[in-house]
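Here is the structure we will look at, set down as structure tokens.
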Amino acid sequence: MRRSHSLSHRLCRGCLTNIAINLTAQNRLAKAENTCLRAVDIALLGGIGKSHIFRARLDYFKSLSIFGQWEEAEDVWQLLDPMGRQWSRSVYRPGMAENLYARFLFWQGKLQEVNLINAEQLAKKGKDRRTIRSLHRLRGQWRLEQVQWESATNSFLEAVLIARAMGQKDEEAEAFLALTKLHLKQLPDPHHIAEQLASAKEPAHRPLAELWLAIGNHEQATKHALAAYKWAWADGEPYVHRYELNKARALLEQLNIPIPDLPPYDPAKEEKFPWEDELVAAIEELRAKAEAEKAADGQAEDWQ
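One point on numbering: in the numbering used here, the residue at position 68 of the sequence shown is 674, and numbering is uninterrupted.
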């Protein structure tokens, strides 16, 4: 019986992780964080093994990092980092954690080359092209902020090529690549390329705003900067893409455009999943059981 319960809890943790990933992709950051917290509860209380606790904490660290809750994210990192990395690939792939931590440092202006090298070595050893691509894109952004156009171009190009080899498109890396090439005077017909990038199904608005601004088209730069700001606002404070929101705000200020007055997060508008109350009840049952067992252990020690 206990084994079947543990199995259901493992499946539940994995399902919650997938749901949180989808919610983040839909820009529903508040619901994603709540789902990550439920996954942490299940992992800690369900007796399902350290690998699931590690992954649940890593997902929660990712959410906190997106919001710019630096101290809270660092606290979670200090819990998960010493746990090791020897987990099944179904739970974790080498370099994932180091990639997220490198991005966390970059968003705070604390990234060092050693952080990227360490993450890349692990991801290459694990043959995880998705993480390798993410790291190339991150290095490109880091070098771009240092105004190292050639180095940034090389990194963005690597990210684009890996995406294409995977049969995908990396709109963000492609837009940043166009921007750095423009600064190196290596971009033929910038207007045409910017228009092509803007016609994508999900255009990368912030780098496109920077590209149009560098081209000298303030109208298009404003359009994409506003779109970037609204996307980064997500569910509203405090559930925003903190780094991207700050960058979009800086672009709007540079363009002398008023910052949009958007509403903060309203929990009353958040709809529950059909299964959410049942999940909460199950977690509370697990919590009560854990507390009862702890109290019983304490009483047993008193009698000894």
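Cβ coordinates follow ideal geometry from the N, Cα and C atoms, glycine included.
With 16 as the cutoff for other CB atoms within 10 Å, does Gly-715 come out buried or exposed? Indexing the sequence shown from 1 puts residue 715 at position 109. If you draw a 10 Å sphere on the C-beta of Gly-715, you find fewer than 16 other C-beta atoms in it, and that means exposed.
In the DSSP output, which residue or residues are listed as bridge partners for Tyr-845? The sequence position of residue 845 within the sequence shown is 239, counting from 1. In the DSSP output, where bridge partners are listed per residue, Tyr-845 has Gly-842.
Of the residues Asn-862, Arg-848, Phe-762 and Leu-892, the one placed nearest Lys-829, counting alpha carbons only: Walking along the sequence shown from the start, residue 829 turns up at place 223. That would be Asn-862, whose Cα lies nearest to the Cα of Lys-829.
Own chain partners of His-742 with C-beta closer than 8 Å, once the 5 adjacent residues on each side are dropped: One-based indexing of the sequence shown puts residue 742 at position 136. Around His-742: Ser-761, Phe-762, Glu-764, Ala-765, Ile-768 and Ala-779.
According to DSSP, is Leu-892 part of a helix, a strand, or is it coil? The residue given as residue 892 occupies position 286 in the sequence shown. Three-state result, Leu-892: helix.
With a threshold of 6 Å on Cβ separation, who are the neighbours of Glu-816 within its own chain once the five nearest residues in sequence on each side are excluded? By 1-based counting over the sequence shown, the position of residue 816 is 210. Apart from the 5 residues on each side of it in sequence, Glu-816 sits with its Cβ closer than 6 Å to the Cβ of Leu-785 in its chain, given in chain order.
Which value, in whole angstroms, describes the spacing of the CA atoms of Pro-864 and Glu-677? Residue numbering aside, residue 864 sits at position 258 when the sequence shown is read from its first letter. Residue numbering aside, residue 677 sits at position 71 when the sequence shown is read from its first letter. If you take the alpha carbons of Pro-864 and Glu-677, they lie about 31 Å apart.
Could you give the distance in angstroms between the alpha-carbon of Pro-873 and the alpha-carbon of Glu-639? The residue labelled residue 873 in the question sits at position 267 within the sequence shown. The residue labelled residue 639 in the question sits at position 33 within the sequence shown. Going from the Cα of Pro-873 to the Cα of Glu-639 covers about 13 Å.
Would you mind working out which of Glu-876, Val-846, Glu-884 and Trp-881 sits nearest Gln-675, comparing C-alpha positions? As a working note, residue 675 is residue 69 in the sequence shown. The option with the nearest alpha carbon to Gln-675 is Val-846.
Could you say if the segment 885 to 892 and the segment 850 to 861 meet the contact criterion of at least three C-beta pairs nearer than 8 Å? No, they do not touch.
Asp-883 - DSSP class collapsed to helix/strand/coil: Here the question's residue 883 lines up with position 277 in the sequence shown. Correct three-state label for Asp-883: helix.
Need the endpoints of the alpha helix (DSSP H) that Met-702 sits in, please. Stepping through the sequence shown from its first residue, residue 702 is reached at position 96. Unbroken alpha helix (DSSP H) run through Met-702: 702 to 713.
Buried or exposed for Pro-813, please, with buried defined as at least 16 other CB atoms from any protein chain shown within 10 angstroms of its CB. The sequence position of residue 813 within the sequence shown is 207, counting from 1. Counting Cβ neighbours within 10 Å, Pro-813 comes out buried, since at least 16 surround it.
Go to Ile-799, then tell me how far its alpha helix (DSSP H) extends in each direction, as first and last residue. Counting from 1 along the sequence shown, the entry for residue 799 is found at position 193. Run containing Ile-799: 796 to 804, per the alpha helix (DSSP H) assignment.
With a threshold of 8 Å, establish whether the CB of Glu-890 neighbours any heavy atom of the ligand ATP. Because no ligand of any kind appears in the structure shown, any question about the ligand ATP cannot be addressed here.
Integer Cβ distance of Val-646 from Arg-663, believed to fall under 8 Å: Locating residue 646 in the sequence shown gives position 40, where the first residue counts as 1. Locating residue 663 in the sequence shown gives position 57, where the first residue counts as 1. Yes, they are in contact, since the Cβ atoms of Val-646 and Arg-663 sit about 6 Å apart, within 8 Å.
Tell me the rounded alpha-carbon separation between Pro-796 and Asp-665. Translated into positions along the sequence shown, residue 796 becomes position 190. Translated into positions along the sequence shown, residue 665 becomes position 59. Roughly 39 Å between the two C-alpha positions.
What's the call for Glu-897, buried or exposed, on a 16-neighbour Cβ count within 10 Å? Position 291 of the sequence shown holds residue 897. Flag for Glu-897 reads exposed.
Assign Pro-688 to one of three DSSP states: helix, strand, or coil. On the sequence shown, position 82 is the one that residue 688 refers to. Of the three classes helix, strand and coil, the one that applies to Pro-688 here is helix, per DSSP.
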